Amino acid sequence: MNEKLVIQIQAYLDGELSAEARLQLLARLEKDSEARELCDSLKAEQGFLKDVGENSHELPVAHSYFWKAISDEIQPHPSPRNETRHKEAAVAFQRWSAWLVPGGVIACIALVVFQKGVLDDVLDGIKSTGKKAARVAPSFHEIDSQQQNAGFISFRSESEGVSVVWISNY
Amino acid sequence: MSADFSFEDREETEVVSAAKTGDAVAFEELVRRHGDKIFRRALSMMRDENTALDMAQLAWIKAWNRLSQFHGDSSFATWMTRVTINVCLDHIRKAKRWKFAESIEEMDENSGGVERKLPVVETNPTEGLEREELKKTIDRALAQLSEGHRAVIVMHTFEEMAYKEIAESMDCSIGTVMSRIFYARRNLASILKRMLEEDSQS
Amino acid sequence: MKATNSSKPKFSSALQILGLALMVFWFATPVLQAAETLKLSARLVWGTNRDKSADDELKAMTPKLKSKFVNIFKWKEYYEISKKTFQFPKHEGKQVRMSKKCEIIMKLLDKDTLQVQVIGEDQLQRTVKHPLKPILNDGDLFVVGGDDKDSYGDAWFLVITHPDLGKEHKKEK
């Protein structure tokens with residue numbers, strides 16, 4: 263008996279076959295005694311597991327202990343006191359933001375200089391005079407995510423000379 | 168204030184609604200009500216009490232952060248169980264990824280290959296056992312399955328999740344789910360048969 | 016007065032020369048960079064614990080690369096789905112199709128930053144930046160990996176290397 267038929271029988275028992283596929287399989291079962299036997303066997307197995315159910319397990323620790331670990335992690339609902347703090351933080355940010363515009367202009371100039379490779383050439387000049395130690399290449403990779411819920415892990419094996427970025431969408 | 172308010176006698180929908188507004192007391196009540204079930208599900212997936220405890224806590228934390236995504240299409244317990252299963256699957260995936268995380272034997276997926284040659288188990292291998300005894304035997308047999316196979320058995324048989332839903336959780340095709348469920352069941356039946364033979368010999 | 020008058024044009028012409036030199040330097044840098052090309056290799060690899068069946072026409076990964084993978088990852092077998100070696104002007108970048116579902120876009124962001132964009136099923140999955148020097152000078156491997164969506168428990172890897180790495184490892188580790 264081929265694997266496809268066996269899996270089709272299982273899908274039929276699980277109620278996952280389309281109406282058309284179901285009719286085709288029923289016709290096959292009428293003719294094929296071996297397939298019919300397998301169908302009965304699978305049905306018995308499936309029913310048995312559901313009937314018996316699972317072993318019951320309970321939390322091995324006290325609820326208070328279990329809950330504490332959770333409550334330490336979850337964000338409490340913002341209290342009026344927290345809201346006051348947020349407002350204070352916003353005022354402080356406004357004061358600091360006055361410096362952002364000139365800071366941004368300086369950063370843009372610095373960026374343009376970097377992009378043109380001026381700094382690289384200056385530093386290469388230093389290298390040629392034997393003072394390269396100051397220049398350090400980016401030590402590791404940067405990762406941008408384009409998808410929500412997308413995570414990544416990065417890892418570097420020095421012994422193998424392998425850098426890994428593991429991406430996951432789970 | 169919610170801190171002085173007990174949710175103990177409240178309807179589940181009311182407790183969930185309060186938790187969704189950020190009421191930690193209401194959320195604690197949900198943890199109290201479903202804590203055992205969620206731990207049991209995590210244990211059935213992970214097979215290790217400490218890891219299961221960690222996974223259950225992580226699942227509750229994730230659930231808190233995603234409560235707005237719960238729209239009451241299913242019961243809260245069902246939704247929470249799905250969150251737990253996904254947390255466990257994620258953990259399994261991460262642990263399987265790096266060799267140094269666990270031994271190869273522990274991480275072996277064991278799908279396909281040898282199992283594909285398994286004969287169809289024609290008889291009920293657990294015939295004659297008492298119900299409680301059966302539960303324990305099934306529990307031991309589940310522990311011997313690979314993580315992937317155990318996950319599909321738990322999701323399909325005990326959680327009654329549809330193929331499509333399992334495929335989404337495991338991020339694979341429905342065909343893969345169908346095949347995996349079949350071989351997981353065959354494998355479980357084969358393990359049960361072997362265990363009973365060993366028990367009867369001893 | 017006289018001396019002052021004669022020194023002014025000299026000073027301004029020196030400034031002009033300096034300005035011109037700066038402009039030439041400013042605009043010439045990209046032009047010079049454009050002339051340079053970058054050569055790299057990319058492999059798409061499938062990691063699995065399954066035994067290779069007789070029907071499979073999969074190419075095993077080279078022993079040298081496999082030994083590195085085996086020491087890091089948990090999978091026993093690594094098969095090379097495709098390997099592409101390509102050369103591209105540093106300022107332009109290159110789009111390479113690795114398989115039916117997977118494409119990559121390589122680009123050099125600056126002298127030593129390689130940007131790799133991984134495209135799966137026509138969707139940009141991830142943009143990763145990595146220093147180029149360890150790949151070219153030290154024979155390092157840069158690997159982007161993920162779980163195989165179609166085959167639970169298996170994985171895919173995109174391996175970026177020096178084009179000669181498969182032949183001879185440059186650096187003794």
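Chains as they are written, first to last, in this note's numbering: chain F, 263 to 432; chain C, 168 to 369; chain A, 16 to 188. Ideal placement from N, C-alpha and C gives every residue a C-beta, glycine not left out. Just so it is clear, the structure is predicted and the values come from calculations on it, not from any experiment.
Beta-bridge partners of residue i, as assigned by DSSP
i, result
"HIS145/A", "LEU129/A"
"ILE119/A", "VAL111/A and VAL133/A"
"ILE418/F", "A quick correction: the sequence has Arg, not Ile, at residue 418/F. Its beta-bridge partners are SER425/F."
"TYR94/A", "TRP61/A and ALA75/A"
"LEU55/A", "PHE101/A"
"TRP171/A", "TRP61/A and GLY161/A"
"THR176/A", "SER56/A"
"GLN138/A", "GLY135/A"
"LEU156/A", "VAL424/F"
Contacting residues, own chain, Cβ-Cβ under 7 angstroms from residue i (five flanking each side not counted)
i, result
"SER307/C", "The sequence given here places Arg at residue 307/C; Ser does not occur at that position. Once the five neighbours on either side are set aside, the close Cβ partners of ARG307/C are MET362."
"ALA310/C", "ARG214"
"CYS255/C", "ALA209, MET212, MET213 and MET222"
"LEU304/F", "ILE271, GLN272 and LEU275"
"ILE259/C", "GLU314"
"LYS229/C", "VAL250 and VAL254"
"GLN308/F", "LEU275"
"ARG290/F", "ALA297"
"LEU234/C", "ALA186 and LYS187"
"ALA399/F", "Annotation note: pLDDT 32 at ALA399/F (below 50); position unreliable, no value reported."
"PHE157/A", "HIS145, ILE150 and ILE175"
Same chain, Cβ closer than 6 angstroms to residue i, neighbours up to 5 away in sequence not counted
i, result
"ALA223/C", "ILE205, PHE206 and ALA209"
"TYR93/A", "VAL60, GLY62, MET76, LYS81 and PHE84"
"LEU151/A", "HIS177"
"ASN277/C", "Note that ASN277/C has pLDDT 34, beneath the 50 cutoff, so the model's placement of it is unreliable and the number below is only indicative. So the list reads SER313, once near-sequence residues are dropped."
"LYS98/A", "ARG58"
"SER280/F", "none"
"LYS191/A", "No answer is possible for residue 191/A: it lies beyond the span of chain A, which begins at 16 and ends at 188."
"ASP163/A", "ASP169, ALA170 and TRP171"
"ALA193/C", "PHE174, VAL182, ALA185 and ALA186"
Neighbour list for residue i in chain C, Cβ cutoff strictly below 7 angstroms
i, result
"ALA324/F", "Correct list: empty, because the minimum Cβ distance to chain C is about 10 angstroms."
"ILE269/F", "MET345, SER346 and PHE349"
"ALA283/F", "Residues of chain C passing the Cβ test: none, with the nearest at roughly 12 angstroms."
"ALA273/F", "MET345"
Proximal chain A residues relative to residue i, where beta-carbon distance stays under 8 angstroms
i, result
"CYS255/C", "Simply none; closest approach about 14 angstroms."
"GLU320/F", "Near GLU320/F there are no residues of chain A at all, since even the closest Cβ is about 31 angstroms away, more than 8 angstroms."
Proximal chain F residues relative to residue i, where beta-carbon distance stays under 8 angstroms
i, result
"ASN64/A", "None at all; the shortest Cβ gap to chain F is about 17 angstroms."
"GLU179/C", "Under the 8 angstroms cutoff, chain F gives no residues; its nearest Cβ is about 18 angstroms from GLU179/C."
"LEU301/C", "VAL314"
"VAL198/C", "HIS325, PHE328, TRP329 and ILE332"
Proximal residues of chain C, C-beta to C-beta of residue i below 9 angstroms
i, result
"SER419/F", "Near SER419/F there are no residues of chain C at all, since even the closest Cβ is about 10 angstroms away, more than 9 angstroms."
"LEU311/F", "ILE305, ILE320, THR324, PHE325, ARG352 and LEU355"
Chain A residues whose Cβ lies nearer than 9 angstroms to that of residue i
i, result
"ARG352/C", "Result: empty, since nearest Cβ-Cβ is about 16 angstroms, beyond 9 angstroms."
Contacts that residue i makes with chain A (C-beta to C-beta distance below 7 angstroms)
i, result
"ARG260/C", "ASP162"
Where residue i meets chain F, residues with beta-carbon distance less than 7 angstroms
i, result
"TRP227/C", "ILE332"
"LYS83/A", "GLU422 and VAL424"
"ARG249/C", "The contacting residues do not exist; ARG249/C stays about 13 angstroms from chain F at best."
"ARG298/C", "VAL314"
Chain-ordered neighbours of residue i on chain F, where CB pairs are closer than 9 angstroms
i, result
"ALA308/C", "The premise fails here: ALA308/C is roughly 10 angstroms from chain F at the closest Cβ pair, so nothing lies under 9 angstroms."
"ILE87/A", "PHE417, SER419, GLU422, VAL424 and VAL426"
"TRP231/C", "ILE332, GLU335, ILE336 and GLN337"
Contact list for residue i against chain C, beta-carbon separation under 8 angstroms
i, result
"LEU317/F", "Checking the sequence, you will find Asn at residue 317/F rather than Leu. LYS302, LYS303, ILE305 and ASP306, listed in chain order."
Contacting residues, own chain, Cβ-Cβ under 8 angstroms from residue i (five flanking each side not counted)
i, result
"SER114/A", "LEU59, ILE96 and SER97"
"SER340/C", "ALA334"
"ASP127/A", "PRO146, LEU147 and LYS148"
"TRP90/A", "GLY62, THR63, ASN64, PHE84, ASP169 and ALA170"
CB contact below 8 angstroms: residue i versus chain D
i, result
"LEU225/C", "This model lacks chain D altogether, as its protein chains are F, C and A."
Give the residues from the stretch 94 to 118 of chain A that approach chain F closer than 8 angstroms (Cβ to any Cβ), ordered along the chain. Near chain F, meaning a CB-to-CB distance below 8 angstroms, no residue of the stretch 94 to 118 of chain A qualifies.
Tell me which residues of the stretch 200 to 222 of chain C have at least one Cβ-Cβ distance to chain A shorter than 9 angstroms, keeping chain order. Of all residues in the stretch 200 to 222 of chain C, none has a Cβ within less than 9 angstroms of some Cβ in chain A.
Please identify, using Cβ separations under 8 angstroms, the residues of the stretch 315 to 344 of chain C that lie next to chain A, in order along the chain. Hits within the stretch, in order: GLY315, MET337, ASP338, CYS339, SER340 and THR343.
Contacting positions in the stretch 287 to 304 of chain F - beta carbon closer than 9 angstroms to chain A: Listed in sequence order: no entries.
What are the uninterrupted segments assigned as alpha helix (DSSP H) that are 4 or more residues long and contained completely in the stretch 328 to 365 of chain C, given in chain order? The qualifying runs are 330 to 337.
Beta carbons nearer than 8 angstroms to chain F: which residues of the stretch 148 to 161 of chain A have them? Against chain F - using a Cβ distance shorter than 8 angstroms - the residues of the stretch 148 to 161 of chain A are LYS148, PRO149, ASP153, GLY154, ASP155, LEU156, PHE157, VAL158, VAL159, GLY160 and GLY161.
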